[in-house]
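Numbering (the working numbering), first residue to last: 2 to 82.
This report concerns only the one structure given below.
Structure representation (structure tokens):
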């Protein structure tokens, strides 16, 4: 069982890295992009025998307690069997 955790900055939080990436993309010809926001991606592999509901619950706890800063970041979890 594997969980994927996506962490992104909340709307309204300044994203200087995203702005720099956006600027670089424009410089090489990608003028149609309105905005780029950067984030983080994590994969959590669980031991055999864990169920999907248990894996989702654990990944949600890990995302909120360890991977994301709840003041400035949101996260979402996807679980694969």
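Every residue gets a Cβ at the ideal spot worked out from N, C-alpha and C, and that includes glycine.
{"Check": "Backbone CA spacing between residue 55 and residue 33 [nearest angstrom]", "Outcome": "42 Å"}
{"Check": "Rounded separation between residue 25 and residue 38 - CA only", "Outcome": "13 Å"}
{"Check": "Residue 48 versus 27, 59, 41, residue with shortest Cα-Cα distance", "Outcome": "59"}
{"Check": "Same chain, Cβ closer than 8 Å to residue 53, five either side skipped, listed in chain order", "Outcome": "2, 80, 82"}
{"Check": "Of the residues 45, 46, 65, 23, the one placed nearest residue 36, counting alpha carbons only", "Outcome": "23"}
{"Check": "Reduced DSSP secondary structure (H/G/I, E/B, other) of residue 41", "Outcome": "strand"}
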